[in-house]
Amino acid sequence: MHETQGRGIEEYIEVYSELDGEWRVWEKDGERAGVTFHVRRAPSNRKPWLGTILVHPDRRGTGLGCGILLTLGEELAAENKAVFAAVPASESGWLEFLSKSGFEQYKSEKDEGGKEHLLLLKPLQP
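Quick note on numbering: full-length UniProt numbering labels position 24 of the sequence shown as 24, and the sequence is numbered without any gaps.
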């Protein structure tokens, strides 16, 4: 699975440039271990959305990704009841990770190109 979907990192980041969101680098044991992008108010529904979570390959399967999502959820819970995410239906690994992190599927949609995406939400507790 290639996280940047076949694009160079600059092109990948550019996709998010029009959104009013936050890129964040996460560290573990003094080393960069993950990167996230999220928005507090998406144009589509004015709700918080997780745009990206990338975890260093050496840190995968250690609970770091779930911990990052827990921390983001705690930050967003003061003002929101849920955080949203979307994944291509064909990416079962991404879906499994988000499910383990507390996300639930609530619908599916097709993009402009006809590719199916699963829309997920994670209830937040204040």
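Beta carbons: idealized from backbone N, C-alpha and C, even for Gly.
Give the C-beta separation of residue i and residue j to the nearest angstrom, bearing in mind that I take them to be a contact with Cβ-Cβ under 8 Å.
i, j, result
"residue 13", "residue 36", "That pair is no contact at about 12 Å."
"residue 28", "residue 59", "6 Å"
"residue 53", "residue 65", "6 Å"
Just the C-alpha distance for residue i and residue j, rounded to the nearest angstrom, thanks.
i, j, result
"residue 79", "residue 70", "15 Å"
"residue 104", "residue 96", "10 Å"
"residue 42", "residue 48", "6 Å"
"residue 19", "residue 56", "24 Å"
"residue 10", "residue 93", "24 Å"
"residue 115", "residue 89", "8 Å"
"residue 122", "residue 34", "20 Å"
Return the chain-ordered list of same chain residues with a C-beta closer than 8 Å to the C-beta of residue i, the five sequence neighbours on each side being excluded.
i, result
"residue 214", "This structure gives no information on residue 214, because the portion of the chain shown stretches from 1 to 126."
"residue 45", "84"
"residue 72", "36, 38, 50 and 83"
"residue 32", "25, 26 and 56"
field: alpha helix (DSSP H) runs contained entirely in the UniProt domain "N-acetyltransferase" (1-125), provided each spans 4 or more residues
entry: Listed in chain order, they are 9-14, 64-77 and 92-100.
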